[in-house]
Structure formats: structure tokens, C-alpha cells
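Undergrad: Below is the structure I would like to discuss, written out as C-alpha cells.
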Amino acid sequence: MEKPGNQQCFALVVEDEPLVRMLGVDVLESAGFVVIEACNADEALAVLTRRSDISVVFTDVDMPGSLDGLDLAWRIHECWPGIGVVLTSGRYTIEPRLMPREDAFVPKPYAVSSLLAQIERVVARASAERDR
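Numbering (UniProt numbering), first residue to last: 1 to 132.
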């Protein structure tokens with residue numbers, strides 16, 4: 001996926017299960033994203049601290065470490081408000097009122113089309129917020 005002006009769009013995939021993470025990476029790369037991987041929220045925060053080119057974070061909710069995916073979404077909202085977040089889980093359903101802004105939730109197992117629709121919506125919203 002490219003931003004307006006033919007800039008590449010970078011995504012961070014946060015998932016502790018390697019095979020599930022690989023699936024998310026493959027889906028986003030097939031959609032044109034440049035993908036960075038993290039195995040938990042702590043690693044994701046380290047990536048976000050080092051990089052300013054991330055447009056969207058696709059994260060599992062249930063992960064080991066000091067934060068779960070929902071906590072990570074709130075931290076991103078506070079520290080990097082121009083980055084969109086799409087949460088996913090096979091165990092939990094996250095109600096929109098519990099998530100920051102207009103971030104999204106896609107239940108596992110997810111249909112690729114549903115995931116990409118939510119990713120694109122969140123990227124567009126985050127891009128509009130950055131441009132303000």
C-alpha cells in the first residue's frame with residue numbers, strides 16, 4: 001500500500017505466536033505494506049520509539065510482557081496519535097468503546113478482506129489526523 005505521493009506505507013505486526021505473525025506479515029506485504037515485526041508490546045514500543053515511518057500497528061490482544069494489545073493501543077494513542085491500530089484476538093472481543101479513537105478490532109480467525117478493509121480505514125483516518 002502506498003500513501004498519497006507514492007510513499008511506501010509501513011506497518012508493524014505485533015504477535016507472540018510466530019506462525020500467526022507470519023500470516024499477518026504475509027497478508028500485509030501482499031497488500032503492498034512494508035512490514036516490521038515484533039513479538040510483544042515491549043518490543044513494539046521499542047520499534048515505535050526508533051522509527052517515525054509506521055502508519056499502522058496490527059496487534060494481537062493476548063500477549064506476554066508488560067502490556068497486552070489493548071494497553072499497547074492506548075499507549076500508541078497517547079504517544080503517537082498519528083498511528084492507527086487494528087487489534088485482533090481469538091479469545092476476546094473488544095468493544096469499540098474500550099479502544100482509543102476509531103481504532104479497529106478484527107476477530108480471529110479473520111478474513112483477509114475484512115482485515116485489509118479495517119487496516120485501510122485506520123490508515124486513512126490516521127493519515128488525516130497527521131495532516132491536521
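Cβ coordinates follow ideal geometry from the N, Cα and C atoms, glycine included.
All of these numbers come straight from a predicted model, not from anything done at the bench.
Just verifying my parser: in three-state terms, what is the DSSP assignment at proline 4?
TA: Model confidence at proline 4 stands at a pLDDT of 46, short of 50, so the residue's coordinates are unreliable; what they give is reported in the following sentence. Here proline 4 sits in coil by DSSP.
Undergrad: Suppose only complete runs of 3+ residues qualify. What are the beta strand (DSSP E) ranges in the UniProt domain "Response regulatory" (10–123), listed by chain order?
TA: Entirely contained in the UniProt domain "Response regulatory" (10–123), the beta strand (DSSP E) runs reaching 3 residues are, in chain order, 10–14, 34–38, 54–60, 84–89, 104–107.
Undergrad: For arginine 132, does the three-state DSSP call read helix, strand or coil?
TA: If DSSP states are grouped into helix, strand and coil, arginine 132 belongs with coil.
Undergrad: Let me confirm a value: methionine 22 is counted as buried when at least 16 other C-beta atoms fall within 10 Å, else exposed. Which label applies?
TA: Exposed.
Undergrad: May I ask you to check if the CB of valine 122 is nearer than 6 Å to at least one heavy atom of the ligand MG?
TA: This structure lacks the ligand MG, and indeed carries no ligand of any kind.
Undergrad: Considering only their Cβ atoms, is the gap separating aspartate 53 from phenylalanine 10 smaller than 7 Å?
TA: It is a contact, given that the beta carbons lie within the stated cut-off.
Undergrad: Have a look at aspartate 68 and glutamate 120 and give me their C-alpha separation to the nearest angstrom.
TA: If I take the Cα positions, the gap works out to 23 Å.
Undergrad: From aspartate 16 to arginine 132, what does the alpha carbon distance come to, in whole angstroms?
TA: If you take the alpha carbons of aspartate 16 and arginine 132, they lie about 34 Å apart.
Undergrad: Alpha carbon to alpha carbon, how far is glycine 90 from methionine 99? Give it in angstroms, no decimals.
TA: Rounded to whole angstroms, methionine 99 to glycine 90 spans 17 Å at the Cα level.
Undergrad: Checking 7 Å against the spacing of the C-beta atoms, do valine 47 and alanine 38 come in under that value?
TA: Their beta carbons are under 7 Å apart, which means valine 47 touches alanine 38 by this criterion.
Undergrad: Using a 10 Å radius around the Cβ and a threshold of 16 neighbouring Cβ atoms, would you call threonine 49 buried or exposed?
TA: Looking at its Cβ environment, which holds fewer than 16 other Cβ atoms inside 10 Å, threonine 49 is exposed.
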